[in-house]
Amino acid sequence: MSRGLKNRTPISNAVDSTLYKQLQQLSSDTMIPISRLLDRAIQLVLEEY
Numbered sequence: 130m131s132r133g134l135k136n137r138t139p140i141s142n143a144v145d146s147t148l149y150k151q152l153q154q155l156s157s158d159t160m161i162p163i164s165r166l167l168d169r170a171i172q173l174v175l176e177e178y
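First residue of the sequence shown: 130, per this note's numbering; consecutive thereafter.
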């Protein structure tokens with residue numbers, strides 16, 4: 130079920146409620162979609178480890 134996504138993979142996960150609220154606020158403040166913020170966060174974790 131790709132929903133027409135060509136370069137993206139849908140995932141489902143559970144995160145800390147406080148972190149998610151902060152992520153939503155950051156997305157709202159910066160007008161950057163949550164999916165793009167998560168891409169960057171994953172990229173930074175992979176670079177560190």
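Note that the Cβ used here is the ideal one computed from N, Cα and C, for glycine as well.
Cβ pair residue i, residue j closer than 8 Å
i           : j              : result
leucine 173 : leucine 166    : no
leucine 152 : isoleucine 163 : yes
Residues near residue i by beta carbon distance below 7 Å, same chain, minus five either side
i             : result
valine 144    : none
threonine 138 : none
**Prompt:** What are the start and end residues of each continuous alpha helix (DSSP H) run of 4 or more residues lying completely inside the region 148-178, in chain order?
**Reply:** Runs found: 163-177.
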